[in-house]
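Order-wise, the sequence lines are chains A and B. With my numbering applied, the first sequence has no gaps in its numbers, which climb one by one up to 261 at the end. With my numbering applied, the second sequence has no gaps in its numbers, which climb one by one up to 186 at the end. C-beta: ideal position from N, C-alpha, C; glycine also. Model, not experiment: these values are computed from the prediction. Reviewing the structure listed below.
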Amino acid sequence: MNTPQNHDDSQLRYAEYVLGVLDADARAAVAHELQTSDEAATAVKLWHRRLQPMSEEITPIEPPGRVWTRIQQALRLDTQELARTRPGLWDNLRFWHWLGLGASALAVACLALLFVSMGLRTPSTSPAVPYMASTITHTDGHVGWTATMDIQQARIIVVPVAPASFAQGKAPQLWLVPSGQKPISVGMIAANAPTTLKLDRVLLAQLGPTAALAVSVEPAGGSPTGQPTGPVVATGAIGAAPDSGQPHTASLYVPWRKWWG
Amino acid sequence: MNSLADERRDELSELLVRIAAGNQGAFAELYRRTSAKLFGVCLRMLVDHGEAEEVLQEIYTTVWRRAQSFDATRASAITWLMALARNKVIDRLRQRHEHAPSHQVDLDGLVDEQPGPATQAEASQEYRRLQHCLEALEPKQRQSVRAAFFSGATYSELAMRCQVPLGTMKSWIRRGLLQLRTCLDA
Numbered sequence: 001m002n003t004p005q006n007h008d009d010s011q012l013r014y015a016e017y018v019l020g021v022l023d024a025d026a027r028a029a030v031a032h033e034l035q036t037s038d039e040a041a042t043a044v045k046l047w048h049r050r051l052q053p054m055s056e057e058i059t060p061i062e063p064p065g066r067v068w069t070r071i072q073q074a075l076r077l078d079t080q081e082l083a084r085t086r087p088g089l090w091d092n093l094r095f096w097h098w099l100g101l102g103a104s105a106l107a108v109a110c111l112a113l114l115f116v117s118m119g120l121r122t123p124s125t126s127p128a129v130p131y132m133a134s135t136i137t138h139t140d141g142h143v144g145w146t147a148t149m150d151i152q153q154a155r156i157i158v159v160p161v162a163p164a165s166f167a168q169g170k171a172p173q174l175w176l177v178p179s180g181q182k183p184i185s186v187g188m189i190a191a192n193a194p195t196t197l198k199l200d201r202v203l204l205a206q207l208g209p210t211a212a213l214a215v216s217v218e219p220a221g222g223s224p225t226g227q228p229t230g231p232v233v234a235t236g237a238i239g240a241a242p243d244s245g246q247p248h249t250a251s252l253y254v255p256w257r258k259w260w261g
Numbered sequence: 001m002n003s004l005a006d007e008r009r010d011e012l013s014e015l016l017v018r019i020a021a022g023n024q025g026a027f028a029e030l031y032r033r034t035s036a037k038l039f040g041v042c043l044r045m046l047v048d049h050g051e052a053e054e055v056l057q058e059i060y061t062t063v064w065r066r067a068q069s070f071d072a073t074r075a076s077a078i079t080w081l082m083a084l085a086r087n088k089v090i091d092r093l094r095q096r097h098e099h100a101p102s103h104q105v106d107l108d109g110l111v112d113e114q115p116g117p118a119t120q121a122e123a124s125q126e127y128r129r130l131q132h133c134l135e136a137l138e139p140k141q142r143q144s145v146r147a148a149f150f151s152g153a154t155y156s157e158l159a160m161r162c163q164v165p166l167g168t169m170k171s172w173i174r175r176g177l178l179q180l181r182t183c184l185d186a
């Protein structure tokens, strides 16, 4: 029943969300609604359009140069990498977002099938799909992130399964842990969005069935020591290693095969 | 002048479309053009310089990753960017909610009613329209809506700072918002 009163009430919630007066819980409730309701999303957009002109009053202030440097580092922006980038499914963030939201054994199993069915690397012409995958699981058993490694493109995409919250000034850092060796930093990952990171030679060489991925809680700029300084909150096994002489033919390994096999 | 503003907006939209396709040059250009504006917003609302820098970084990393969700037919680039920025800033404010200093201020002292730089020649048509509708509100309503917009504070925080009952603050802002909508959509 959409009476004028109800209509005004829900309109007000969207306006209050945009204005910023809701407390954390009420705000989260509207944010959740926005993901499922087009009507809510449209209403919020309209309120942004109505109220935002006020920000024209705010004097622009040039941010310090270090912010841009940090952004570049966080995103691993690198023109050479860009030139080698192959457009397609990998770059489709909607797809990764979907994968993150629905991440489960099934979703990644589908991914495996999809890559094969798309003929990116058909089994008849190539012995295997050059991707590896991992589910990074919290100590309480919940899946925190899914990670997929593209060996040929030397990159890893890490997708959060559910938004995670960290204390102010803290952020998750991803580590590759070769068996019996010290962790190697892969990079900072976002708690609420997919992150793509470059895999350098050292990391690529260590990817294998005996290695694992781990996430620790570090200062927002990354561990100051190069080794995990905060608690390790999640870990995951990695798929089968490439043959030592053939780093480009790693087979896709789904470590949670037991869930669907 | 409006056509110049429109042209600038179209350029920003085009940059976002190129960013969605992974163009790093376009990303650098968008940062060059918009970061001072967004940093101003971060600093105004967060006050803390370090936090403003952190949130600005978060905003642009999100822009890079989510540029594909920008739909030029449905929103202007600057509205999209500013919505993203305000969301990040307000989320950050809610995170530190418990530690926020709750100093008491008189409402009149809380809000800077001085016209900002935008009321000069470069003010957009939208800004003038909103300004006109804000001026039509009762002073308490106008001041509380403006205070909320520029501080990102919750109802309770605003009520506490202005030393008025929570219900009073809610009523000022809600009536102000509904009246603004009526005026702006007319």
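### Task
Can you pull the chain A residues whose beta carbon is under 8 Å from the beta carbon of I94/B, in chain order?
With the sequence shown as reference, residue 94/B is identified as Arg, and Ile is not the correct amino acid for it. Within chain A, the residues near R94/B are D23, A24 and R27.
### Message
Assuming the contact rule is C-beta atoms closer than 8 Å, E58/B and K88/B should be a hit. Round their C-beta distance to whole Å, please.
### Response
Between E58/B and K88/B the beta-carbon gap is near 5 Å, inside 8 Å, which marks them as a contact.
### Message
Could you compute how far the alpha carbon of L75/A sits from the alpha carbon of A75/B?
### Response
Their backbone Cα atoms lie some 26 Å apart in a straight line.
### Message
Classify S151/B: buried if its beta carbon has 16 or more other beta carbons within 10 angstroms, exposed otherwise.
### Response
So S151/B counts as buried.
### Query
In chain A, what lies closer than 7 Å to Q35/B by C-beta?
Checking the displayed sequence, the identity of residue 35/B turns out to be Ser instead of Gln. Correct list: P63.
### Query
Residues in the stretch 24 to 55 of chain B with C-beta within 7 Å of chain A's C-beta atoms, listed in sequence order?
Residues are counted here when their Cβ sits less than 7 Å from a Cβ of chain A; for the stretch 24 to 55 of chain B these are Q24, Y31, S35, A36, K37, F39, G40, V41, L43, R44, E53 and E54, given in chain order.
#### Entry: Straight-line Cα distance separating P224/A from L93/B
Each residue's CA atom was taken as its position, placing L93/B and P224/A some 26 Å apart.
### Query
Looking at the structure shown, is D200/A part of a helix, part of a strand, or coil, going by DSSP?
Of the three classes helix, strand and coil, the one that applies to D200/A here is coil, per DSSP.
### Query
If we cut at 8 Å on Cβ distances, does I19/B have a partner in chain A?
It does not; no Cβ of chain A falls within 8 Å.
### Query
Q57/B touches chain A at which residues, Cβ-Cβ below 8 Å?
Result: V67, R70, I71 and A74.
### Three-state secondary structure (DSSP) of G173/A
The amino acid at residue 173/A is misidentified as Gly; the sequence shows Gln. Reduced to three states, the DSSP call for Q173/A is strand.
### Message
Could you compute how far the alpha carbon of A28/B sits from the alpha carbon of K140/B?
### Response
In a straight line, the C-alpha of A28/B is about 42 Å away from that of K140/B.
### chain A contact for G152/B (CB, 8 Å cutoff)
Interface residue, yes.
### Task
Give the single residue among V143/A, E39/A, R201/A and R13/A whose Cα lies nearest to the Cα of A29/A.
The option with the nearest alpha carbon to A29/A is R13/A.
### Task
Would you list, in chain order, the members of the stretch 153 to 183 of chain B that have their beta-carbon closer than 8 Å to a beta-carbon of chain D?
No chain D is present in this structure, whose protein chains are A and B.
### Message
So, with DSSP's three-state summary, where would you put V18/A?
### Response
V18/A: helix per DSSP, three-state reduction.
### Task
Could you pull out every residue in the same chain whose Cβ sits closer than 7 Å to the Cβ of Y17/A, ignoring the five residues on either side in sequence?
Cβ within range, chain order: R27, V30 and V44.
### Query
Could you give the distance in angstroms between the alpha-carbon of A211/A and the alpha-carbon of A193/A?
If you draw a straight line from the Cα of A211/A to the Cα of A193/A, it is about 25 Å long.
### Message
Here's the rule I'm using: 16 or more other beta-carbon atoms within 10 Å means buried, otherwise exposed. How should T139/A be labelled?
### Response
Exposed: under 16 other Cβ atoms inside 10 Å.
#### Entry: Local conformation of S37/A per DSSP, three classes
Here S37/A sits in coil by DSSP.
### Query
At a CB-CB cut-off below 8 Å, which residues of chain B make contact with G141/A?
Here the premise fails: no neighbours, minimum Cβ distance about 26 Å.
### Query
For P228/A, does the three-state DSSP call read helix, strand or coil?
If DSSP states are grouped into helix, strand and coil, P228/A belongs with coil.
### Query
Can A234/A and W145/A be called in contact, C-beta distance under 8 Å?
In this structure, W145/A lies closer than 8 Å to A234/A by Cβ.
### C-alpha distance - L46/B paired with Q152/A, whole-angstrom precision
Just so you know, the alpha carbons of L46/B and Q152/A end up roughly 43 Å apart.
### Query
With distances taken from CA atoms, which of G22/B, T62/B, Y155/B and Q163/B is nearest A190/A?
Closest by C-alpha distance to A190/A, out of G22/B, T62/B, Y155/B and Q163/B, is T62/B.
### Message
I need the DSSP call for H7/A, collapsed to helix, strand or coil.
### Response
Three-state DSSP puts H7/A in a helix.
### Query
Among D185/B, A36/B and A153/B, which residue has its Cα nearest to the Cα of H132/B?
When each option's Cα is compared against that of H132/B, the closest is D185/B.
### Query
If V186/A sits next to L197/A, beta carbons under 8 Å apart, how far is it from one beta carbon to the other, in whole angstroms?
With a contact defined as Cβ atoms closer than 8 Å, V186/A and L197/A qualify at about 6 Å.
### Backbone secondary structure at T61/B - three-state DSSP
Helix.
### Min CB distance G20/A to chain B below 8 Å
It does: the Cβ of G20/A has a partner Cβ on chain B nearer than 8 Å.
### Query
Can you tell me whether T42/A is buried or exposed, with buried defined as 16 or more other CB within 10 angstroms of its CB?
That one is exposed.
### Query
Using a C-beta cutoff of 8 Å, does A154/A count as contacting chain B?
Not an interface residue.
### Query
Quick one: which chain A residues come within Cβ less than 8 Å of L130/B?
Annotation: Cβ neighbours of L130/B in chain A (cutoff 8 Å, chain order): R50, L51, P53 and M54.
### Message
For chain A, check one thing: does any of its Cβ atoms lie closer than 8 Å to the Cβ of T62/B?
### Response
Yes, its Cβ sits closer than 8 Å to a Cβ of chain A.
### Backbone CA spacing between L81/B and Q72/A [nearest angstrom]
Distance between the alpha carbons of L81/B and Q72/A is about 18 Å.
#### Entry: Assigned exposure category for L16/B - 16 Cβ within 10 Å defines buried
Under the 10 Å beta carbon count, L16/B is surrounded by 16 or more other beta carbons and is classified as buried.
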